[in-house]
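Undergrad: In the numbering used here, the protein residues as written are 3 to 1276.
The C-beta atom is built at its ideal place from N, Cα and C for all residues, glycine as well.
These numbers were taken from a predicted model, which means no experiment stands behind them.
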């Protein structure tokens, strides 16, 4: 036998070598005698069971239709058997696995391929030798790689003693008719490790739960470590890797069964499993669980399905071992369950559960077996008697260990519990498998396992029912295929069958006729891959291409019709969508992320089928546009909608204006708050006059940072029997209020307008088109002559009405080009213009269809970083919806703009078109709304397949090197360009700026934007004027051609400061100074925004008696200044004024000079003796004992210096002690000196006042003063 990695090459042109099994073959050890002789009797167990059967059921009157075929097969135990046409010759081949026992008593684990040659089963030795034998496992056919033939998976305890899980691909051998089952060595993870985990006690099932067209594999079993294991392996074009998310959700089990089935009848496969759960510290003895597939591809434990408990044993109906077999046996369209196995107490369980309503399993009380009748083995449904309903075969062992086999006939949706076949050998430890091996239209039965004597057997019973099953008829017709970006829907008329209406279907899909590389119809024997429904959803996108498909019918006997005639369909770049919008005409629409949750929301306006005006808000809920039924928006039509953050709070508000009904106009600006379907719309502002046939756009016209509104349309005023057309400019006052300004713009209606910086000077110009009041067409370009009004440039652009325009940087040079269309005086018109510095020139190399009542939008639909053009409208013959691809940068294109062939797009006029990414998949979908060709309203989303073709738009990189240059209250913010994948010219990127007075704020210039280019356009700067003095924070986003924004750049800040700095404090060390004393002055300054310029010291002076003296600076830090002034001779006395000037802040604002009058007093006069008594030179002074000398001073003295020691009275050279008394009176300042003993007569006295006598501020006399007098001689 070849090792698992050897390839056996069959070079013969025949199918040899082969092994034909005879009765004497040592691999066949079961006891074989005449037909029907395998039934064992004689044991007490058999007798008890037989009694129970008789007691529990009536006697069958049916002839025995299942008879031993005589085909000798290896007798296997603990194995499996599965039918499948692996060699594609039209009959069912067989794989057998399990343990055989030879005559010498040795046991071997095998895997045998039995090729079916016109009803003769012969071993394909070439294949068997390539397989590794297993037991306690399972084998399953499936076309894993989508190449149209059946591959094979085998799991179990292999012949090497290892737990195993292997996949064998079905490859062509030496000739086209030869097949080789080859071990698939590509089942590895990205890191090169094996992706499949081997198990024993294994069960597995192929299915496509994610509906991507390839078959995934779920496996249960016991790992090498002895614990239970359940793994789901996702299939990616034949490569199986563990689906960790779903595997984690599934209970680990072994020794049970696992089966896919659409339990809830929602069109996708749910999962059922049973078995034992063994973990390191315990587990569950018997468990049966069901997993709902919702959303598609996600398995979640279905808590609502309860199998209940047995009415006799009281045990739960959850089982291990046994089988889970699904079929719609009662014909109600839902799959019912046959459940067999052992419960936790090892009682045998055999129950039928009806699935009604779908997803609810209820035990079928009409199917009742005595507990001793119930068997625990394999169960399989088929219409074995060809009467159109599913019958059930069950083989296994009872609770009394009796081996039994039953075939329960379905009689009008009821199973009686009485076997109609009594001569089938009872086996256990193997499968029960129906299949028409001999192609006679009758279901044959294969069972394997051990009999009551322990003999291994594999018995194939041939059916002899009277009526052969006739193959069903294929569906008569295939319906139109619907493709979206997420799935493709196929449907067909019902097939037919003589025997039964309970049919399943098998679908094949390929990229060539009769191919099935998208969905393989090569399935093993069983129901079709589409199940019971006459539709199939492929749960993945198909790239643009032409595809072929066909359907065959499979009846209850598993016979298959021919395939239908090949259907053909083409998937284009834009496909159908699951998004649903209400149908409107006379439409307008605007996209934004109004609730800030990161996805695109939609405002849509128009007229419904009943002629009613509607304004609708669709909130994007995780990729699905959901109508906000409680938004409360006034229904309008024949107008416009626009998003803008009018109040700078960082979220977008909504303007809608138009017609409620004929001659009834309204416009409302709603302030928006909240998120998603919980958001509220508060009508805040109405503009007068209201307009219809209108267009509106927000932009910062006056460069003050807030969003103004330009609004054009038809008013209710009448002049010369004509409705007056108006174009009004509403200026935002910064708080979200509006007043009208910018007079002189001509009014138009039934047209379009855009605000954009067409000349690159940093302010928004105005381009508008439509009908004037007199009905004549207009196309006008106004240059923004800021700070003055708009000025008509007189640009020679085709005048149009019923017109539309769109601006976009088509040639990626950084300025905005123009697409324009409508009705001119001479007919329908459409053209494209290039922009060169604000001069628009019509392009002769681009031909667009002339349209009326249409719309233009620029969109990078193919994510190649250039703008393509989408056009809707009426070309005079029909409505249209077209996409023109921009071929710039392509090698030798046929045209500058190539019209795409998109047959599935439905034309609309009186329309609005846009491109947005509501499903968040990284490409722009196409949204159109308007009047369809049949004149009915239409609103359609067409999904774009760019991202599904591995071409998702990647967010660009943010701008860098942010610089703010201010002048007074104006600022220019500039930056270095961002970049984007694909390296488009940097000039093609636009930018979005936010400015706030707080970090990440929007209150100065909001960065909340509707879908489209940024608020700075393609400029690398933005100008804002008239800012208050403050600190501001700002960031920039890069916006690519697809409207995707980069993250915000690293935040920067700038300061606007037009306020002078201020003096905040002035502190002196003293308030009065005398000579020689020093004034220390501390001054505090403040500047509210920019801060003080510490490099420029202020000038500080003191002025006394009109004389100025500089205060010498000691230190200046910007916020504080310290200086000093010493009073010297020459400085006059008086009140001093301190003057501060010359202080400058960092923005150059100069301190308004400050004068502090009377800041301090200067006393620069020394005290002096102005008089004395006796006076100097007196000669007749009365001499007496109490006499005194009085000295008068020029000003009050410091009492501390009025001391006797500072005065001296001398008689000649003799100093006379005296006392000094200071007296301060209003009219005189005196010191009375009283000498001891008085004055003696006839003597001359001298008096001296010392130099240290000081006044109150500390000024001293400076030098002593002396005078003398004589006393009278008696």
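1) Going by alpha carbons, who is nearest to residue 671 out of 695, 642, 678?
2) Helix, strand or coil, according to DSSP, for residue 720 in the structure here?
3) Tell me the rounded alpha-carbon separation between residue 843 and residue 762.
4) Short of 6 Å in beta carbon distance, which residues of its chain neighbour residue 855, apart from the five on each side in sequence? Order them along the chain.
5) Closer than 6 Å by C-beta to residue 1135: which residues in its own chain qualify, once you throw out the five before and the five after it? Chain order, please.
6) When the Cα of residue 1218 is compared with those of 326, 1206, 120, 108, which residue comes out closest?
7) Compute the Euclidean distance between the alpha carbons of residue 1062 and residue 645, then round it to the nearest angstrom.
8) What number of angstroms, rounded off, separates the C-alpha of residue 197 from the C-alpha of residue 758?
9) List the residues that DSSP assigns as beta-bridge partners of residue 1147.
10) Are at least three pairs of beta-carbons, each pair with one atom in the stretch 342–350 and one in the stretch 374–388, less than 8 Å apart?
11) Can you pull the DSSP bridge partners for residue 1004?
12) Within 10 Å of its beta-carbon, does residue 417 have 16 or more other beta-carbons around it, so buried, or fewer, so exposed?
13) Can you tell me which residues form a DSSP beta bridge with residue 947?
14) According to the Cβ coordinates, are residue 499 and residue 390 closer than 9 Å?
15) Got a sec, what are the start and stop residues for the beta strand (DSSP E) residue 490 sits in?
16) Give every residue of the same chain whose Cβ lies closer than 6 Å to the Cβ of residue 649, excluding the five residues on either side of it in the sequence, and list them in chain order.
17) For the stretch 1009–1097, which segments carrying the beta strand (DSSP E) assignment without a break, of at least 3 residues, lie completely within its bounds, in sequence order?
18) At a cut-off of 8 Å, is residue 1228 close to the ligand NAD when judged by its beta-carbon and the heavy atoms of the ligand?
19) Could you check how far apart the C-beta atoms of residue 406 and residue 77 are, in whole angstroms? I think they sit under 8 Å.
20) Out of 906, 474, 1005, which one is the CA nearest neighbour of residue 484?
21) Looking only at DSSP bridge pairs, what is residue 535 linked to?
22) Give me the Cα-Cα distance between residue 1247 and residue 1171, rounded to the nearest whole angstrom.
23) My output table needs one value for residue 1184: the three-state DSSP class, helix, strand or coil.
24) What ranges does the beta strand (DSSP E) occupy inside the stretch 387–457, keeping only unbroken runs of at least 3 residues that lie completely in it?
25) Taking DSSP as the reference, what is the three-state secondary structure of residue 471?
26) Quick check: what's the CA-CA separation for residue 43 versus residue 305?
27) Is it a yes or a no for the stretch 691–708 touching the stretch 656–667, going by three-plus beta-carbon pairs under 8 Å?
28) Mark residue 1114 as exposed unless 16 or more other C-beta atoms lie within 10 angstroms of its C-beta, in which case mark it buried.
29) Quick one: what's got a C-beta closer than 6 Å to residue 274's C-beta in the same chain, skipping five residues either side?
30) Determine the contact status of residue 896 and residue 955, defining contact as a CB-CB distance below 9 Å.
31) What's the gap between the Cα of residue 1110 and the Cα of residue 1123?
32) Are there three or more Cβ pairs, one per stretch, closer than 8 Å when the stretch 1050–1068 is compared with the stretch 1085–1097?
33) In chain order, which continuous runs of the beta strand (DSSP E) of length 3 or greater are located wholly inside the stretch 610–641?
34) Using CA coordinates, which residue listed in 899, 885, 884 is at the minimum distance from residue 891?
35) What are the boundary residues of the beta strand (DSSP E) that includes residue 1109?
36) Could you check whether residue 786 and residue 809 sit closer than 9 Å to each other, using their CB atoms as the reference points?
TA: So, to answer that:
1) Taking the first residue of the chain shown as 1, we reach residue 671 at position 669. With distances taken between CA atoms, residue 671 lies nearest to 642 out of 695, 642, 678.
2) In the chain shown, the residue the question calls residue 720 occupies position 718. Looking at residue 720 - three-state DSSP - the assignment turns out to be strand.
3) Your numbering for residue 843 matches position 841 in the chain shown. Your numbering for residue 762 matches position 760 in the chain shown. Rounded to whole angstroms, residue 843 to residue 762 spans 16 Å at the Cα level.
4) Position 853 of the chain shown, counted from the start, is the residue given in the question as residue 855. Here the set comprises 804, 875, 876, 911, 912.
5) For this step, residue 1135 is matched to residue 1133 along the chain shown. 1164, 1165, 1166, 1167.
6) Residue 1218 sits at position 1216 when you count from the first residue of the chain shown. Nearest neighbour of residue 1218 by Cα position, chosen from 326, 1206, 120, 108, turns out to be 1206.
7) Here residue 1062 is taken as the residue at index 1060 of the chain shown, counted from 1. Here residue 645 is taken as the residue at index 643 of the chain shown, counted from 1. Rounded to whole angstroms, residue 1062 to residue 645 spans 40 Å at the Cα level.
8) Here residue 197 refers to the residue found at position 195 when the chain shown is read from its first residue. Here residue 758 refers to the residue found at position 756 when the chain shown is read from its first residue. Taking the straight line joining both Cα atoms gives about 57 Å.
9) Start at 1 with the first residue of the chain shown, and residue 1147 comes out as number 1145. Bridge partners of residue 1147: 1094.
10) They touch, by the three-pair rule.
11) Position 1002 of the chain shown, counted from the first residue, corresponds to residue 1004. Looking at the DSSP output, residue 1004 shares a beta bridge with no other residue.
12) Numbered from its first residue, the chain shown carries residue 417 at position 415. Buried, because 16 or more other Cβ atoms sit within 10 Å of the Cβ of residue 417.
13) Here residue 947 corresponds to residue number 945 of the chain shown, with the count starting at 1. Note: residue 947 sits in no beta bridge, so no partner.
14) Here residue 499 corresponds to residue number 497 of the chain shown, with the count starting at 1. Here residue 390 corresponds to residue number 388 of the chain shown, with the count starting at 1. In contact: residue 499 and residue 390 (Cβ atoms closer than 9 Å).
15) Start at 1 with the first residue of the chain shown, and residue 490 comes out as number 488. From DSSP, the beta strand (DSSP E) with residue 490 extends over 490–493.
16) Stepping through the chain shown from its first residue, residue 649 is reached at position 647. Only 738 meet the Cβ criterion.
17) Restricted to the stretch 1009–1097, the beta strand (DSSP E) segments that are unbroken, complete and at least 3 residues in length are 1023–1026, 1032–1041, 1054–1058, 1064–1070, 1074–1076, 1080–1088, listed in chain order.
18) Among the components of this structure there are no ligands whatsoever, and the ligand NAD is therefore not found.
19) Walking along the chain shown from the start, residue 406 turns up at place 404. Walking along the chain shown from the start, residue 77 turns up at place 75. In this structure, residue 406 and residue 77 do not form a Cβ contact; the two beta carbons are roughly 18 Å apart against a cut-off of 8 Å.
20) Mapped onto the chain shown, residue 484 falls at position 482. Among 906, 474, 1005, the Cα nearest to that of residue 484 belongs to 906.
21) Here residue 535 refers to the residue found at position 533 of the chain shown. Residue pairing by DSSP places residue 535 in no beta bridge whatsoever.
22) The sequence position of residue 1247 within the chain shown is 1245, counting from 1. The sequence position of residue 1171 within the chain shown is 1169, counting from 1. For the pair residue 1247 and residue 1171, the Cα-to-Cα distance works out to about 17 Å.
23) Translated into positions along the chain shown, residue 1184 becomes position 1182. It is coil, neither helix nor strand.
24) If we require 3 residues or more, the beta strand (DSSP E) runs fully inside the stretch 387–457 come out as 393–399, 405–412, 417–421, 434–437, 446–452.
25) The residue labelled residue 471 in the question sits at position 469 within the chain shown. Note: residue 471 maps to coil in three-state DSSP.
26) The residue labelled residue 43 in the question sits at position 41 within the chain shown. The residue labelled residue 305 in the question sits at position 303 within the chain shown. Confidence is the limiting factor: at residue 43 the pLDDT is only 33, short of 50, which leaves the residue's position unreliable, though a coordinate-based value still follows. Those two C-alpha atoms are separated by around 45 Å.
27) Flag = yes, the stretch 691–708 and the stretch 656–667 touch.
28) Here residue 1114 refers to the residue found at position 1112 of the chain shown. Residue 1114 counts as exposed, since fewer than 16 other beta carbons sit within 10 angstroms of its beta carbon.
29) Residue numbering aside, residue 274 sits at position 272 when the chain shown is read from its first letter. Closer than 6 Å at Cβ, skipping near neighbours: 261, 292, 326.
30) The residue labelled residue 896 in the question sits at position 894 within the chain shown. The residue labelled residue 955 in the question sits at position 953 within the chain shown. One thing to note: residue 896 has its Cβ no nearer than 9 Å to the Cβ of residue 955.
31) Start at 1 with the first residue of the chain shown, and residue 1110 comes out as number 1108. Start at 1 with the first residue of the chain shown, and residue 1123 comes out as number 1121. Whole-angstrom Cα-Cα distance: 19 Å.
32) By the Cβ test, the stretch 1050–1068 is in contact with the stretch 1085–1097, since at least three Cβ pairs between them sit closer than 8 Å.
33) Given a length threshold of 3 residues, each whole run of the beta strand (DSSP E) inside the stretch 610–641 is given here in chain order: 615–623, 626–629.
34) In the chain shown, counting from the first residue as 1, residue 891 sits at position 889. Nearest option by C-alpha distance: 899.
35) Sequence index remark: in the chain shown, residue 1109 carries index 1107 (1-based). 1109–1112 is the span of the beta strand (DSSP E), which, as asked, contains residue 1109.
36) To locate residue 809, count along the chain shown from 1; it is residue 807. To locate residue 786, count along the chain shown from 1; it is residue 784. Result no, Cβ atoms of residue 809 and residue 786 do not sit closer than 9 Å.
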